[in-house]
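2 protein chains.
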Amino acid sequence: MLLSKLCCERTKDAPGDAKILSHILLSRAGYIKQVANGIYSMTMPCEKMSQRIQNIIRDEMDKNDGQEVLFPVVMPREIWDLSGRYSSIGAEMVRFKDRSNRDMLLGMTHEEAAVHMANHTVSSYTQLPMMIYQIQTKFRDEARARGGLIRVREFTMKDAYSFHTTKEDMEEYYMKMHKAYQNIFRRIGLKRFIDVKSDSGMMGGSIAHEFMLLTEVGEDSIVLCNDCDYRANMEVATSIIEKPEFEDKQLELVDTGADKTIEEICNRFNVPASQTAKAVVFAVKGDQDQIVIAFVRGDLEVNEAKLKKALKLDVVAYDGGVSDVVACGNIGPIGLDSKIKVVYDKSLEGTKGMIVGANKPGYHYVGFNISRDVKDVTFDDISKVKAGDKCPICGGTLRIENGIEIGNIFQLGTKYTKSMGMTVTGPDGQLFNPIMGCYGIGVGRAIASIAQESNDKDGLILPISVAPWQVHMCILRQDDPVVAEKANALYNDLQSNGVDVLMDDRNCGAGIKFTDADLMGMPIRVVVSPKSLANDEVEITIRATKESFKVKYEDAISKIKSMISEMMEQYK
Amino acid sequence: MLLSKLCCERTKDAPGDAKILSHILLSRAGYIKQVANGIYSMTMPCEKMSQRIQNIIRDEMDKNDGQEVLFPVVMPREIWDLSGRYSSIGAEMVRFKDRSNRDMLLGMTHEEAAVHMANHTVSSYTQLPMMIYQIQTKFRDEARARGGLIRVREFTMKDAYSFHTTKEDMEEYYMKMHKAYQNIFRRIGLKRFIDVKSDSGMMGGSIAHEFMLLTEVGEDSIVLCNDCDYRANMEVATSIIEKPEFEDKQLELVDTGADKTIEEICNRFNVPASQTAKAVVFAVKGDQDQIVIAFVRGDLEVNEAKLKKALKLDVVAYDGGVSDVVACGNIGPIGLDSKIKVVYDKSLEGTKGMIVGANKPGYHYVGFNISRDVKDVTFDDISKVKAGDKCPICGGTLRIENGIEIGNIFQLGTKYTKSMGMTVTGPDGQLFNPIMGCYGIGVGRAIASIAQESNDKDGLILPISVAPWQVHMCILRQDDPVVAEKANALYNDLQSNGVDVLMDDRNCGAGIKFTDADLMGMPIRVVVSPKSLANDEVEITIRATKESFKVKYEDAISKIKSMISEMMEQYK
């Protein structure tokens, strides 16, 4: 490809809304162009990179006997009604009426379509295990699109669906896909990626893993153990909570004046926060009259995802409407309206000598003993892990890092096959609902992740396994006919030797050419100039290390080819 | 791939709504599965075929310096307002509001997105000519989806957009793309395809060509000359109209009783239909009060597409509302309300001695001379070509065939670059709007076209250039361990020799296997059976000709490989 004709403009500055490095670099290098909020066009270099990633994904899927298929982007309401997700998914799913006034939607995920395809098509357990996947455009109407390709509304995704006879078979296949995902991320050149246990969220099912790229700009918090392999998404992470023992006293109502916050109470009584209980008020989603109060120890925070799971209910922040109990401020476990749903964190189990609100303006209880003072209390894990907590596996120290989700895999069970009535004849002749797994990777987010992780002050440093072109040739003084001829010959010979080359054939200075080459990030730069040709040489520079050397013009092709195979080794 | 695991069910019967062969065969072979009206999932064989076609298209685009990019499926109203098409395109374009209440749409075509990408990115004429293309999902809310993949609502399409400095450059490039399209259709194995001049329709622009597959199930009518290369879509086809001379007489009002139709008038006066004029009533789209009357010679029909072009207005059938002139029935050119828009076909130019309606119940005029009896008359070509008409190029005989549109190319001019404000600096330093061309192919329709054209009573006959697998192996008696071992060894060896193989490893009879193999249509069938292995042989059958022969087991791979290269020759 000739750079002079490439529809891809490099710029010095990024768009004003570009705050994170991958967004800035992909914009400045001309790889992406914004069409609307969270919606981008991809120019040739970006689309080439996308296709290289897609082909690596395909290869790993096919190794696990994946069958590439294609589901529709636009689907009818009917199949989503069967799974119940037409109603349960919110505004992030685009719904519209077609010209015949039928309810249609844009697929954000394709469990329903996968079961629709497999249903009646697969009739016997002998056809299982079976995995179908597609690579296609999805639209998710994110409330907060941001970060260039990190969180978009429209994206290319590989989504795979497997069907199994037994749970054991599904688990075995799930582990193979887990391995395939690790292969994919390694092969596309990511370094700091990990897998973490995660919440299965809207997908349903039990066990799920997310693959995360550890990066400070990540929106997700990941809990990792310094001493063992434990790691989990904050939403499901647990820790061993140390329980200091406090003296068991008689319950006493104490005038605490205007003191309300944990900090104020700790100061007044000179106690640690762990000797208090904190009340956090939520409401059931869609009904602010149904209040939910979550109690955690004063030094901890409520983990909303865990709370929802414990409640089996979707909750949102309480909007502060009129409610006696909330208005009073000093919320505590004693004497609460029995209509209010209350959840206690396991950090409060067995505690005594605590200070808690008294549900009465200006008062707290001192000497609170939960098992003595509250009837029929049960405890759930609803608190957030903190950095420094003890690892639930080895007791080591937990730390928290930020990450971007780059892939996810789910053990779905029979949620979809059951609700959509998919049955298959088993070995015993009886019909059963196949057990499913599903597996997703966003291609655009993979591009953003590579850009985010692999760069320097001058621009992108693309892994050779996914770079749009392996070689970026710069001709200096192409108005010199000897230079032009030699450069063109090398360009053509490299291509006929199977090397992907972008050649900067513009009439402009060396500075502009080198700046653009660094920004665009191809792994190998080759410079053909009057100076080097005088010695019958060309100059080769490795983008990642900036290491430069000269080779004889006639050796250039074999040298470049051997560099490429050597570089490719680490992505195999 | 093992057929026992393939998610693809073959059936004896097609769905009830499948009327045409490609729909019936693709359904019966399990290649497609309907999700909603005009919306299909594609199973692995169909998706593999789709990708082979896509790769042939890519190859031809890249030969013409195409840059593969990706535009969004979902676009904001704003860029479509610039071109005016947000309003001008009807219900076939899906529009919806996103969660921020912004107007969005699903792209049916991407001229706006292409100009959005190129605008500001391309700044100088030195970057032109430049062509960008994508292969992506489009949605068009067809009122009348039908025929399986022939006319769907959701489809995969390659759409390309070129930008040029001069009209000459655009025309030269257009011819290259014309050639590329011929290459594509030949390489994917279509035989009866032609290019025809067509109407540019909603795309704007002047010159356009459609590529059509000639097939009796086609919805389009194509005019072809038996004696020269002339061919055109009915919408734009012209012919030399023979003009019989009739005696010039005085105009006379004649009582014609209840006779109204051309046939009745011809019978009453014993004249040919060509001695009468026919009035066809239309109304401006959206306003049934604005009547348009088209006059053609009595033996001809009105061509609506030509009429719209002549009027530069969109018209629809008149709905028969109250109007004196229409109510009377005998509509003629004399004495029409001057508010009515009238268009005369060129077949009426210079006519005399004609019989026409008198705009008066029960009366016609005889002896009508159009230049004498109507003031300021102009003529347009608004009549339909008939089979047997004379070719406008060579005077030979025209015939009419049905066809399916399989691709189209347009010379767009500056419609989009002008309306979207895209300018580029020219050689003279002045800014100009680049001249565009655009070029589309539907991949799903290509699949349907191949299925429609290439089959026999037993099923599909797929060209080797696009067949999902080159070889369909059938193991007979795979419960025989010797057979199973030999078959598996051959299957693995073929694959490691780069041959794509589908192997029917099911525990079922030979009849079922052969029926499925014929239905699915792979070019080469290889049978491994106890009988053939007894002579150390396998049986090879060519799907297209049903020619069968035996080869030694150890020669099978080299024989199959040479058959594949030989078969591939015709698609190069």
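If you read the protein sequences in the order shown, they are chains A and B. FYI, the working numbering numbers position 283 of the first sequence as 283, with every residue one higher than the one before it. FYI, the working numbering numbers position 268 of the second sequence as 268, with every residue one higher than the one before it. Even glycine gets a Cβ: it sits at the ideal position worked out from N, Cα and C. All values reported here derive from a predicted model rather than from experimental measurement.
Assigned with DSSP and collapsed to three states, methionine 234 of chain A falls in coil, not helix or strand. Contacts with chain B (Cβ-Cβ distance below 8 Å) from the stretch 17 to 41 of chain A involve Gly30, Lys33, Val35, Ala36, Asn37, Ile39, Tyr40, Ser41, listed in chain order. Rounded to whole angstroms, proline 45 of chain B and tryptophan 469 of chain B show a C-alpha spacing of 8 Å.
Between leucine 502 of chain A and histidine 472 of chain A the beta-carbon gap is near 5 Å, inside 8 Å, which marks them as a contact. Any Cβ of chain B closer than 8 Å to the Cβ of glutamine 495 of chain A would place that residue at the interface, and such an atom is absent. Only buried fits glutamate 210 of chain A, as 16 or more other CB atoms lie within 10 angstroms of its CB.
Three or more Cβ pairs closer than 8 Å define a contact, and the stretch 436 to 445 of chain A meets that threshold against the stretch 142 to 156 of chain A. Within chain A, no C-beta atom comes less than 8 Å from the C-beta of proline 15 of chain B; the nearest is roughly 12 Å away. In the three-state reduction of the DSSP assignment, phenylalanine 549 of chain A falls in the strand class, which pools E and B. Annotation: asparagine 408 of chain B is outside any alpha helix (DSSP H); the continuous beta strand (DSSP E) that includes it extends over 398 to 413. Alanine 451 of chain B and valine 69 of chain A have their C-alpha atoms spaced approximately 19 Å apart. Residue pairing by DSSP places lysine 97 of chain A opposite A:Asp103 in a beta bridge.
Secondary structure in the stretch 290 to 319 of chain A: the alpha helix (DSSP H) runs of 4 residues or longer, each lying completely within the stretch, are 304 to 311 in chain order. With its beta carbon at least 8 Å from every one in chain B, proline 468 of chain A lies outside the interface.
With distances taken between CA atoms, serine 347 of chain A lies nearest to A:Asp380 out of A:Asp380, A:Ile355, A:Asp319. The beta-carbon separation of valine 74 of chain B and phenylalanine 139 of chain A, rounded to 5 Å, stays under the 8 Å limit for a contact. Taking a beta-carbon distance threshold of 8 Å, phenylalanine 432 of chain A does not count as an interface residue toward chain B. Within the same chain, His209, Glu210, Met212, Ile222, Arg231, Ala232, Asn233 come within 7 Å of valine 196 of chain A by CB-CB distance, once the 5 residues on both sides are set aside. Under DSSP, alanine 279 of chain A takes part in a beta bridge, and its partners are A:Phe295. Chain A places no beta carbon closer than 8 Å to that of isoleucine 447 of chain B, leaving this residue out of the contacts.
Interface annotation, serine 4 of chain A: in contact with chain B, CB-CB separation under 8 Å. Under the Cβ criterion (8 Å, minimum of three pairs), the stretch 424 to 434 of chain A does not count as touching the stretch 234 to 249 of chain A. The beta carbon of proline 72 of chain B sits closer than 8 Å to some beta carbon of chain A. In summary, alanine 258 of chain A is exposed, with fewer than 16 beta-carbon neighbours lying within 10 Å of its beta-carbon over all protein chains present. With its beta carbon less than 8 Å from one in chain A, isoleucine 132 of chain B belongs to the interface. About 38 Å separates the beta carbons of tyrosine 344 of chain B and methionine 177 of chain B, which is beyond the 8 Å limit, so they are not a contact pair.
Residue burial is scored here from C-beta neighbours: threonine 165 of chain A has at least 16 other C-beta atoms within 10 angstroms and is therefore classed as buried. Within the stretch 143 to 156 of chain B, Ala143, Arg153, Glu154, Thr156 place their CB atoms closer than 8 Å to a CB of chain A, listed in sequence order. At a cut-off of 8 Å between C-beta atoms, cysteine 8 of chain A counts as an interface residue with respect to chain B.
Arginine 543 of chain B sits close to arginine 525 of chain B, with the two beta carbons spaced by under 8 Å. Think of a sphere of 9 Å around the beta carbon of proline 76 of chain A: the chain B residues whose beta carbon falls inside it are Val35, Ala36, Asn37, Ile39, in chain order. Exclusion of the five residues before and after serine 274 of chain A leaves Pro244, Arg297, Gly298, Asp299 as the residues of its chain whose Cβ lies within less than 7 Å of its Cβ. Cβ-Cβ distances below 8 Å link methionine 117 of chain B to Val69, Phe71, Ile132 in the same chain, with the five nearest sequence neighbours on each side left out; the list follows chain order.
Tyrosine 363 of chain A sits in a strand when the DSSP states are folded into three classes. When A:Glu216, A:Asn330, A:Gly353 are compared, the shortest CA-CA separation from aspartate 373 of chain A is found for A:Gly353.
Taking the Cα of glycine 509 of chain B as reference, the smallest distance to any Cα among B:Ile475, B:Val499, B:Gly335 is reached at B:Ile475.
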